[in-house]
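For reference, the structure discussed in these notes is given below.
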Amino acid sequence: MLLVGYYFLKEKSIWVLFLMTFLLAGLGTLFINFFFDSLNAWKNKKKGTK
Numbered sequence: 001m002l003l004v005g006y007y008f009l010k011e012k013s014i015w016v017l018f019l020m021t022f023l024l025a026g027l028g029t030l031f032i033n034f035f036f037d038s039l040n041a042w043k044n045k046k047k048g049t050k
């Protein structure tokens, strides 16, 4: 996987790097949003049981 990515970076460095960064940033944002949503839900549940 990494070797293929490295080969592509050699061919079209800027475009692939931009695309990969964009995809990773999007996935990271989605993951963080999901994580904080579940964390808030868990906190609310904890408050409700008290």
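Residue numbers for the sequence shown follow the numbering used here, so the first one is 1 and each next one is one higher.
Beta carbons: idealized from backbone N, C-alpha and C, even for Gly.
Going straight from the alpha carbon of residue i to that of residue j, what length do you get?
i: Y4; j: W15; result: Residue identity check: residue 4 is Val in the sequence provided, not Tyr. Cα-Cα distance, rounded: 15 Å.
i: D37; j: K43; result: 10 Å
i: F35; j: K12; result: 34 Å
i: M20; j: K46; result: 39 Å
i: L17; j: A25; result: 12 Å
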